[in-house]
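Protein chains: 2
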Amino acid sequence: MKKSEQKMQDILTFIEEYTKNSGYPPTYREISANVNLKSINSVKKYLDRLELSGYIKKSGFKSRSIDLVKQEIPTVNFPVVGRVAAGQPILAEQNIEDRLVISSSLIGNYDDSLLFALKVRGDSMIDAGINDGDLAIVHSQNTVENGEIAVAMVEDKATVKYFYKTKDKISLHPANALYKPIEGKNISVIGKVVAIIRKI
Amino acid sequence: MKKSEQKMQDILTFIEEYTKNSGYPPTYREISANVNLKSINSVKKYLDRLELSGYIKKSGFKSRSIDLVKQEIPTVNFPVVGRVAAGQPILAEQNIEDRLVISSSLIGNYDDSLLFALKVRGDSMIDAGINDGDLAIVHSQNTVENGEIAVAMVEDKATVKYFYKTKDKISLHPANALYKPIEGKNISVIGKVVAIIRKI
DNA sequence: ACAAAAATAGAACAAATGTTTGACTTTTAC
DNA sequence: GTAAAAGTCAAACATTTGTTCTATTTTTGT
């Protein structure tokens, strides 16, 4: 590696760290002081190269206007809801216990604002690999396809089950021989389980 | 709400958006032009208030030195490794297929740089709720406690199993009656499974 | 409605920051 | 090894940018 390429790398690293720590990018002089370059002009030349190479973007004559064109990992940000009370909207302020972030690629291509997480209670879905205490990532929707895992409200309580619908009724199937399917008209789907997360 | 409090809110929002879009914070004049304030001095007074209230931090006389004291959700960032080849270090460049981010709170209190993820192959751990295709988040370590779920190298292949050690041998137990435990001396633990993620 | 307090405006100022220039030194490529 | 290219340095410059000051207007609390 050329000596100057190493310096280019050093400068880029310094900009990244500085920006992360401060919340704003460094000045040319701050860079020069930290990468062992006594000339501000040298810094400018390196920054010009970094811009040409596509690592940063600058806006001429503006101070601290180094924009790192970083390849951030895309994420989704969603609330964890605690008890789901009937009547209330699920995402009401008082239901939200926490907020989490995960890579978008870990779930499907869903709208960020329609996602929420719910702690699974009980072992009724254990044969589907969903254990008591697992966190279910749920996409809010009023209907799901047959065979998909749904979150549904049954007698004012949220439950996670396989969803099946025939022409005359809806049934929720557990994945555990110890439990019986739930059937009835008074079942409303509130979402589809799109991912499961378990802390071990 | 007081009129000036609304303006304070507007300014904070503008700073957040500007910073997100540009990668660096706005100048006083840019703020003044965008929140309908013709005086730069007014902007300064608002920023002073915002700093007193703890919403931002400034460094006197520095340009664009508005640091948003945002309450970011803490995350960990780790690689997804593909095939695990024997001999090579697991985290070698060529093994890394992707990088993911998840909230720190979803795993234990582990060192960011020792985490990696591995796609689970087979159904040998299905009774532990770990299915074929699940993503195991693994903490690199050379030993685990009895009963914990480990990633171990067996005949040059990585496998996920319950770990048990007696005084004379190590055994790896599947969670599936169809499989038999693996025993032997030629077993090396490379990590402990700390979380499971499944995309449905 | 009124007085006090707060907010706004405009201008001038000083510090900082990016740019340019030219000479010198080191590195690179043959 | 040598010449060309690239990198470094220092200084001067122009622009941007935060700060300060004073007067005026608007808002607030009673």
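These protein sequences, in sequence, are chains A and B.
Sequential numbering from 3 applies to the first sequence in this note's numbering.
Sequential numbering from 3 applies to the second sequence in this note's numbering.
All residues carry an ideal CB built from backbone N, CA and C; glycine is no exception.
List, from N- to C-terminal side, the beta strand (DSSP E) runs of 3 residues or more that fit wholly inside the segment 57 to 113 of chain A.
77 to 83, 98 to 105
With three or more C-beta pairs closer than 8 Å as the rule, is the segment 154 to 169 of chain A touching the segment 17 to 30 of chain B?
No: the two stretches stay apart, fewer than three of their Cβ pairs being nearer than 8 Å.
Flag this pair as touching only if the segment 120 to 139 of chain B and the segment 183 to 191 of chain B have three or more C-beta atom pairs under 8 Å; answer yes or no.
no
Rounded C-alpha distance that separates A/PRO81 from A/SER55:
Along the first sequence, one-based indexing puts residue 81 of chain A at 79. Along the first sequence, one-based indexing puts residue 55 of chain A at 53. Each residue's Cα considered, the two are about 39 Å apart.
C-alpha distance - B/ASN157 paired with B/GLN143, whole-angstrom precision
By 1-based counting over the second sequence, the position of residue 157 of chain B is 155. By 1-based counting over the second sequence, the position of residue 143 of chain B is 141. Asn is not the amino acid found at residue 157 of chain B; the sequence shown has Glu there. About 19 Å.
Can a CB atom of chain B be found closer than 7 Å to the CB of A/LYS153?
As a first step, residue 153 of chain A must be located in the first sequence, where it is residue number 151. It is Val, not Lys, that sits at residue 153 of chain A in the sequence shown. No, A/VAL153 does not count as interfacial toward chain B.
Anything in the segment 12 to 36 of chain A with a Cβ closer than 9 Å to a Cβ of chain B? List those residues in chain order, please.
THR21, SER24, GLY25, TYR26, PRO27, THR29
DSSP on B/TYR181, reduced to helix/strand/coil?
Counted from its first residue, the second sequence places residue 181 of chain B at position 179. DSSP places B/TYR181 in coil when its eight states are reduced to three.
Interface partners of A/ALA197 on chain B, CB under 9 Å:
Sequence index remark: in the first sequence, residue 197 of chain A carries index 195 (1-based). Here the neighbours are ILE199, ARG200, LYS201, ILE202.
Residue burial classification, A/SER126 (beta-carbon count within 10 angstroms, cutoff 16):
Against the first sequence, residue 126 of chain A aligns to sequence position 124. Buried.
When burial is assigned at 16 or more other CB atoms within 10 Å of the CB, is A/LYS194 buried or exposed?
Indexing the first sequence from 1 puts residue 194 of chain A at position 192. Burial check for A/LYS194: the Cβ neighbour count within 10 Å reaches 16 or more, so the residue is buried.
Is there a Cβ of chain B sitting closer than 7 Å to that of A/ILE104, yes or no?
Taking the first sequence and counting its residues from 1, one reaches residue 104 of chain A at position 102. Chain B contact via Cβ: present.
Any C-beta of chain A within less than 8 Å: which residues of the segment 105 to 129 of chain B qualify?
SER105, SER107, LEU108, ILE109, GLY110, ILE128
Rounded C-alpha distance that separates B/THR15 from A/ILE109:
By 1-based counting over the second sequence, the position of residue 15 of chain B is 13. By 1-based counting over the first sequence, the position of residue 109 of chain A is 107. Whole-angstrom Cα-Cα distance: 29 Å.
The alpha helix (DSSP H) with A/ALA35 in it runs from where to where?
Indexing the first sequence from 1 puts residue 35 of chain A at position 33. Run containing A/ALA35: 30 to 36, per the alpha helix (DSSP H) assignment.
Expressed to the nearest angstrom, what Euclidean distance is found between the alpha-carbon atoms of A/GLU18 and A/ARG85?
As a first step, residue 18 of chain A must be located in the first sequence, where it is residue number 16. As a first step, residue 85 of chain A must be located in the first sequence, where it is residue number 83. The straight-line gap from Cα to Cα measures roughly 41 Å.
Quick check on the DSSP output: the beta strand (DSSP E) that includes A/LYS163 runs from which residue to which?
Stepping through the first sequence from its first residue, residue 163 of chain A is reached at position 161. 159 to 167 is the extent of the beta strand (DSSP E) around A/LYS163.
Which residue marks the beginning of the alpha helix (DSSP H) containing B/MET10, and which one marks its end?
Here residue 10 of chain B refers to the residue found at position 8 when the second sequence is read from its first residue. Residues 5 to 24.
How many Å lie between A/PRO76 and A/SER106 at the Cα?
For the purposes of this step, residue 76 of chain A is taken as residue 74 along the first sequence, with counting starting at 1. For the purposes of this step, residue 106 of chain A is taken as residue 104 along the first sequence, with counting starting at 1. Whole-angstrom Cα-Cα distance: 6 Å.
Is the separation between the beta-carbon of A/VAL83 and that of A/ILE139 shorter than 7 Å?
Along the first sequence, one-based indexing puts residue 83 of chain A at 81. Along the first sequence, one-based indexing puts residue 139 of chain A at 137. No. Outside cutoff.
Should A/GLY131 be flagged as near chain B, meaning a C-beta pair shorter than 7 Å?
Start at 1 with the first residue of the first sequence, and residue 131 of chain A comes out as number 129. With its beta carbon less than 7 Å from one in chain B, A/GLY131 belongs to the interface.
Can you pull the chain B neighbours of A/SER55, defined as C-beta to C-beta under 8 Å?
On the first sequence, residue 55 of chain A is found 53 positions in, with the first residue counted as 1. Ordered by position in chain B, no residue passes the 8 Å Cβ test against A/SER55, which lies about 17 Å from the chain.
Taking CB distances under 7 Å as the criterion, tell me whether B/THR161 reaches chain A.
Numbered from its first residue, the second sequence carries residue 161 of chain B at position 159. Not an interface residue.
Closest Cβ-Cβ distance between A/THR145 and chain B: below 7 Å?
As a first step, residue 145 of chain A is located in the first sequence; it is residue number 143 there, counting from the start. No, because no Cβ of chain B sits closer than 7 Å to the Cβ of A/THR145.
Under a CB-based cut-off of 7 Å, is A/LEU70 close to chain B?
Residue mapping note: residue 70 of chain A aligns to position 68 of the first sequence, counting from 1. It does; some Cβ of chain B falls within 7 Å.
As a quick exercise: from A/LYS64, A/PHE63, A/ASN43, A/TYR57, pick the residue whose alpha carbon is nearest that of A/LYS72.
Within the first sequence, numbered from 1, the residue matching residue 72 of chain A stands at position 70. Comparing Cα-Cα distances from A/LYS72 to each of A/LYS64, A/PHE63, A/ASN43, A/TYR57, the minimum goes to A/TYR57.
Exposed or buried, what is A/LEU102 when buried is set at 16 or more other beta-carbons lying within 10 Å of its beta-carbon?
For the purposes of this step, residue 102 of chain A is taken as the residue at position 100 of the first sequence. Buried, since its Cβ has 16 or more Cβ neighbours within 10 Å.
May I ask you to report which of helix, strand or coil DSSP gives A/LYS121?
Walking along the first sequence from the start, residue 121 of chain A turns up at place 119. Collapsing the DSSP output to three states places A/LYS121 in a strand.
Give me the residue from B/SER24, B/SER65, B/ILE13, B/THR21 with the minimum Cα distance to B/LEU52.
Numbered from 1 along the second sequence, position 50 holds the residue referred to as residue 52 of chain B. Considering only alpha carbons, the answer is B/ILE13.
Would a C-beta distance cut-off of 7 Å place B/LYS59 and B/ASP50 closer than the cut-off?
Locating residue 59 of chain B in the second sequence gives position 57, counting from the first residue. Locating residue 50 of chain B in the second sequence gives position 48, counting from the first residue. No. Outside cutoff.
Does the beta-carbon distance from B/ASN178 to B/ASP114 come in below 7 Å?
Taking the second sequence and counting its residues from 1, one reaches residue 178 of chain B at position 176. Taking the second sequence and counting its residues from 1, one reaches residue 114 of chain B at position 112. No.
Can you list, in chain order, the residues of its chain whose CB lies under 7 Å from that of B/GLU150, leaving out five sequence neighbours each side?
Numbered from its first residue, the second sequence carries residue 150 of chain B at position 148. So the qualifying residues of the chain are PHE165, LYS194.
Restricting to Cα atoms, I'd like to know which of A/ASP100, A/GLN96, A/PRO91 is closest to B/GLU74.
Position 72 of the second sequence, counted from the first residue, corresponds to residue 74 of chain B. Distances from the CA of B/GLU74 to each of A/ASP100, A/GLN96, A/PRO91 were compared; the closest alpha carbon is that of A/ASP100.
Measuring CB to CB, does A/ILE199 end up less than 7 Å from B/ILE199?
Taking the first sequence and counting its residues from 1, one reaches residue 199 of chain A at position 197. Taking the second sequence and counting its residues from 1, one reaches residue 199 of chain B at position 197. Contact flag set, yes.
I want to see whether chain B comes within less than 7 Å of A/ARG51, judged by CB atoms only; does it?
Numbered from 1 along the first sequence, position 49 holds the residue referred to as residue 51 of chain A. Not closer than 7 Å to any Cβ of chain B, the Cβ of A/ARG51 fails to qualify, so no.
Under three-state DSSP, which class holds B/VAL45?
As a working note, residue 45 of chain B is residue 43 in the second sequence. DSSP places B/VAL45 in helix when its eight states are reduced to three.
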